[in-house]
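J.: Numbering (this note's numbering), first residue to last: 187 to 979. In this text, a Cβ means the ideal position worked out from N, Cα and C, and glycines have one as well. These figures come from a predicted structure and were not determined experimentally. Mind looking over this structure? Questions follow.
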């Protein structure tokens, strides 16, 4: 038993050796140059694999939450991905690793087993459905309905059948061998734990997520399959080959399906028309971007899950001799989770963007002079700053105990005085003047001059504070990294620690608002409307357009959040945004914005010129919206509706198809209604807080009835446009059964009415698109609408 696992690898090595010997002539003819030259397609396939992992992580996290385990998304995602590291290990080592990680956080193994059972079952059903759809698309259409019927029956049995009672009866049968009764007991425990997941809605969502996730990797094979120009592959063939090969690999019970999946994929690709060298190359690249890439991500997750240093706050003891020592507190990055220089610079540019040309001129006179010029031209609201609440609470207790507190900062004196006047806990303020930038050694010299060597304690957060800690009696580190903490311990006594609360990756991704990329799905509407989903070139160009719009939109979101800091900090939900809360420095925003725009440009240059013009127009319109249009009543909602519609126009220009008058008219009315939903929800939230108007907007509470009337009317107009389209001659060329589309009118009428009813009741999220992605009824309406469209074709 000790060497049982080695047999897997022994058999596998023998099989691989046989393959190399048998196909050595074909392997010698493999040419890597076409793959290297098609690096953009390789990256696109890699992105689709990442999307697969993301969707599966979301499903896993949702399952754990459904089972009553409120883990953070980061931890549950890392534990799931860590299992990938052991994909090539025999048995279910990956699942055991996940179980061990989760067990340490209070999640019992039964819950992990339940989530694993439901996940793998739905993955199997999704892969079977994809394989059936692919085969049926090219031959027998009736197979689609057969597969749908089988999947519905299986899900119904999982939901309705009294499995617990059945297992208990079987377990009580004494005539069964002990071995079988143990298996039955294990299955019983798993089913009992999985009861919360065996619900129709949960099963349907999990199945759909699995379907989309595995289809992404099938599309990735299609992207790779079009690298050799002689053959090519459409979506149905690629998804069919990939899903059938993965299913057979899983049934081989080899780790990761290694060997079985590759062998069948090579055979299927060769049968499709590829030469044997090309089939081998495509298989190796595909598995490298799926299986081996997953293993790499798994080991990265294992590394990130390694034991972390103690991040608990360590407050100094309130000894009498300590209270007699003045406590000097830094401002930027210490007392506040931000930097006043960057905060005021953003305020200045928001006031007039042309100041960007004067800032370098001021800097030539010195950093202190630049800070003074900026401070003289802006009005800072110290009450809206993101204060370090843990540190501020401790400072209040120190002040009440009679200790002297001094604010010592490199920020300009005007700004520092405003903060001190607001907090009213400091005995004095030492800050930069118009000629002196008080930081580092200059600050250390000033404090020694004021209090004496080793006669003060200092709270700081940066490497530049090491010079000050060297002169202080004790150091209190705030938001310090591990390296800075070690350096501080070598030169000073550490009296207190206020550690970092979060890393950088999560705030950056949150600031980019990746969930808002869901709006860019509209780019795929012209592709679907033109019935070009099986055209590889069109799918590839649409995917690139989707990514280009995503990066462009994220850059605008970053800019918008930086310009709206004060307004967002007054909002009940937007105050938790990374820049507003201070969890992400504005400096990262200034770096990320040009990087995202560069990525946008690189993608856009590979698309038609008209798309580039539309994208440029979208960017300029969003900039205009961020700098002023969003504060003009009704112009803001018209602009939002236009931004949604521009995505549809961009999708059409990316694949060079003519724009439909009906589609544009429909989108204008629909998105104007949703834009008014967004404003109504914001204004309604302000009303519930007792405010008279929305901060930073031109709307007032008494506008609510009018917004409701205009928004619902616009929504019903889009239903009317759809009804008129059904009776137009244009529809006959695209649909064999256009009468079926009348069902879409009913579904859309219900959805619009429900959205506005939810909004009127105060149950609407600020963004109706995000609400729709989380709302069960909206997801069901979307699924039914897709089914209606398929039936109409």
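Measuring only the C-alpha atoms, how far is residue 945 from residue 248?
T.: Rounded to whole angstroms, residue 945 to residue 248 spans 25 angstroms at the Cα level.
J.: For residue 795, which three-state DSSP category applies?
T.: Residue 795 falls in the helix class under three-state DSSP.
J.: Hey, could you find the ends of the beta strand (DSSP E) residue 618 is sitting in?
T.: Residue 618 -> beta strand (DSSP E) spans 614 to 618.
J.: From the DSSP output, read off the bridge partner residues of residue 663.
T.: BP columns for residue 663 point to 646 and 683.
J.: On the DSSP bridge assignment, give the partners of residue 522 in chain order.
T.: Partner(s): 518 and 573.
J.: Are the Cβ atoms of residue 514 and residue 402 separated by less than 9 angstroms?
T.: No; because the gap between Cβ atoms is not below 9 angstroms, this pair is not in contact.
J.: Based on the DSSP output, what are the partners of residue 592 in its beta bridges?
T.: DSSP, once it has assigned bridges, lists 514 and 614 as partnering residue 592.
J.: Just list the alpha helix (DSSP H) runs in the region 232 to 295, keeping only unbroken ones of 4 residues or longer that don't cross its boundaries, in chain order.
T.: Runs of the alpha helix (DSSP H) inside the region 232 to 295: 259 to 268 and 279 to 290.
J.: Would you mind working out which of 237, 641 and 886 sits nearest residue 479, comparing C-alpha positions?
T.: Ranking the options by Cα distance to residue 479, first place goes to 237.
J.: When burial is assigned at 16 or more other CB atoms within 10 Å of the CB, is residue 657 buried or exposed?
T.: With 16 or more other Cβ atoms within 10 Å, it is buried.
J.: Rank 941, 975, 431 and 953 by C-alpha distance to the C-alpha of residue 964 and give the top, closest one.
T.: Nearest of 941, 975, 431 and 953 to residue 964, Cα basis: 941.
J.: Cβ atoms of residue 564 and residue 751: under 9 angstroms apart, would you say?
T.: No, the Cβ-Cβ distance between residue 751 and residue 564 is not below 9 angstroms.
J.: Beta carbon of residue 407, beta carbon of residue 312: below 9 angstroms?
T.: Not closer than 9 angstroms, so no.
J.: Using CA coordinates, which residue listed in 695, 419 and 786 is at the minimum distance from residue 730?
T.: Comparing Cα positions, the closest option is 786.
J.: To the nearest angstrom, how far is it from the Cα of residue 496 to the Cα of residue 611?
T.: Note that residue 496 has pLDDT 49, beneath the 50 cutoff, so the model's placement of it is unreliable and no number is given.
J.: If you count every other CB in all the chains shown that lies within 10 Å of the CB of residue 171, and 16 or more means buried, which is it?
T.: As displayed, the chain neither begins before 187 nor continues past 979, which places residue 171 out of reach and without an answer.
J.: Closer than 8 angstroms by C-beta to residue 936: which residues in its own chain qualify, once you throw out the five before and the five after it? Chain order, please.
T.: Cβ within range, chain order: 967.
J.: Please classify residue 284 as buried or exposed, where buried requires at least 16 neighbouring CB atoms within 10 angstroms.
T.: Buried: at least 16 other Cβ atoms inside 10 Å.
J.: Please list the terminal residues of the continuous alpha helix (DSSP H) segment that includes residue 780.
T.: Per DSSP, residue 780 belongs to the alpha helix (DSSP H) from 772 to 790.
J.: Look up residue 598 in the DSSP assignment and give the residues it is bridged to.
T.: DSSP, once it has assigned bridges, lists 618 as partnering residue 598.
J.: Can you list, in chain order, the residues of its chain whose CB lies under 8 angstroms from that of residue 706, leaving out five sequence neighbours each side?
T.: Hits under 8 angstroms: 732, 735, 736, 739 and 833.
J.: Let me make sure I understand the geometry here. Which of 669, 776 and 625 has the alpha-carbon closest to that of residue 542?
T.: Of the listed residues, the one whose Cα sits closest to residue 542 is 776.
J.: Please report the residue range of the alpha helix (DSSP H) in which residue 894 lies.
T.: Where residue 894 is concerned, the enclosing alpha helix (DSSP H) stretches over 890 to 912.
J.: Kindly indicate which three-state DSSP category residue 306 falls into: helix, strand or coil?
T.: The answer is helix: DSSP assigns residue 306 an H, G or I state.
J.: For residue 859, collect the residues of the same chain with a Cβ closer than 6 angstroms to its Cβ; drop the 5 residues on either side in sequence, then sort them by chain order.
T.: Cβ within range, chain order: 897, 900 and 901.
J.: Thinking residue 241 and residue 300 are a contact (beta carbons under 8 angstroms), I'd like their distance in whole angstroms, please.
T.: Incorrect: roughly 20 angstroms between the Cβ atoms, too far for contact.
J.: For my contact list, residue 521 and residue 567 are in at a C-beta cut-off of 8 angstroms; report their separation, rounded to the angstrom.
T.: In fact, because the Cβ distance is near 16 angstroms, the residues do not count as touching under 8 angstroms.
J.: Which parts of the region 789 to 869 are runs of the alpha helix (DSSP H), unbroken and 4 residues or longer, counting only runs that do not cross its ends?
T.: DSSP runs (the alpha helix (DSSP H)) wholly in the region 789 to 869: 795 to 813 and 821 to 840.
J.: Distance check for residue 447 and residue 195, CA to CA, integer angstroms please.
T.: The pLDDT assigned to residue 195 is 48, lower than 50, so where the model puts this residue is not dependable; a value taken from the coordinates is nonetheless given after this. Cα-Cα distance, rounded: 16 angstroms.
J.: Where does residue 598 land, buried or exposed, given buried means 16+ other C-beta within 10 angstroms?
T.: So residue 598 ends up on the buried side.
J.: Where does residue 947 sit, in a helix, a strand or coil, going by DSSP?
T.: Reduced to three states, the DSSP call for residue 947 is coil.
J.: What residue does the alpha helix (DSSP H) around residue 963 start on, and which one ends it?
T.: Residues 962 to 978.
J.: Within 9 angstroms of any Cβ in chain B, is that where the Cβ of residue 946 sits?
T.: As a matter of chain content, chain B is missing from the structure shown, which is built from one protein chain.
J.: Sorted by chain position, which residues of the same chain lie with C-beta nearer than 6 angstroms to residue 309's C-beta, five sequence neighbours on each side aside?
T.: Here the set comprises 396.
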